[in-house]
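Peer 1: In terms of the numbering used here, the sequence shown is residues 75 to 190.
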Amino acid sequence: MGTLPKRKDIPPWVKAPEDLKDPEVFQVQTRLLEAMFGPGGSRIPYIEQVSKTMLELKVLERSDLTEVVVYGNYLYKLRTKWMLQSMAERHRLRQERGILKLEEAMNALELGPLMK
75 MGTLPKRKDI PPWVKAPEDL KDPEVFQVQT RLLEAMFGPG GSRIPYIEQV
125 SKTMLELKVL ERSDLTEVVV YGNYLYKLRT KWMLQSMAER HRLRQERGIL
175 KLEEAMNALE LGPLMK
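1. If you run the structure through DSSP and keep just helix, strand and coil, what is Lys89?
2. For Lys132, report the span of its beta strand (DSSP E) as first-last.
3. Going by C-alpha to C-alpha distance, which of Ile118, Ser160, Gln159, Thr127 sits closest to Leu94?
4. Under 6 angstroms Cβ to Cβ from Lys132, same chain only, skipping five residues before and after it: list those, please.
5. What are the boundary residues of the alpha helix (DSSP H) that includes Gln112?
6. By DSSP, does Gly76 sit in helix, in strand, or in coil?
7. Can you tell which of Glu177, Met157, Arg171 has its C-alpha closest to the C-alpha of Glu122?
8. What does DSSP give as the partner residue(s) for Glu122 in the beta ladder?
9. Does the beta-carbon of Ser125 have 16 or more other beta-carbons within 10 angstroms, so that it is buried, or is it exposed?
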């Protein structure tokens with residue numbers, strides 16, 4: 075990804091153009107975004123400020139994945155990528171446990187398997 079981001083409000087802690095050249099990129103299940111970033115991405119500015127990075131989210135077409143692009147100083151963007159991946163995994167596991175508990179409760183009540 076050699077192109078610079080389209081975003082116009084580059085935070086002051088991100089030095090253009092050197093911090094914008096080689097972003098860290100990873101994919102997250104779209105259903106986990108609200109749990110990670112709050113309703114409407116309300117926590118993104120806070121995460122950017124604390125981590126001293128800039129985030130961009132790109133919804134991938136024909137997929138249930140969203141690409142998260144992290145710009146910033148090399149160490150900050152690696153740390154932020156690791157933190158966000160850990161958050162995504164934690165929320166994914168919590169949702170899976172919740173579904174399993176729901177299925178167990180339904181089986182206990184003899185309501186049958188969870189419909190999809």
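Just so it is clear, CB atoms sit at the ideal spot from N, CA and C, and this is done for glycine as well.
Peer 2: So, from the data block:
1. The sequence position of residue 89 within the sequence shown is 15, counting from 1. Lys89: coil per DSSP, three-state reduction.
2. Counted from its first residue, the sequence shown places residue 132 at position 58. 127-133 is the extent of the beta strand (DSSP E) around Lys132.
3. Position 20 of the sequence shown holds residue 94. Nearest option by C-alpha distance: Thr127.
4. Numbered from 1 along the sequence shown, position 58 holds the residue referred to as residue 132. The answer, listed in chain order, is Glu141.
5. Taking the first residue of the sequence shown as 1, we reach residue 112 at position 38. The sequence shown places Gly at residue 112, rather than the Gln named in the question. Counting along the chain, Gly112 falls outside any alpha helix (DSSP H), and DSSP gives it neither H nor E.
6. Numbered from its first residue, the sequence shown carries residue 76 at position 2. At Gly76, the pLDDT of 41 sits below 50, so the modelled position is not reliable and the matter cannot be decided from this model.
7. One-based indexing of the sequence shown puts residue 122 at position 48. Selected option, being the one with the closest Cα: Met157.
8. To locate residue 122, count along the sequence shown from 1; it is residue 48. According to DSSP, which records beta bridges pairwise, Glu122 is partnered with nothing at all.
9. In the sequence shown, the residue the question calls residue 125 occupies position 51. Counting Cβ neighbours within 10 Å, Ser125 comes out buried, since at least 16 surround it.
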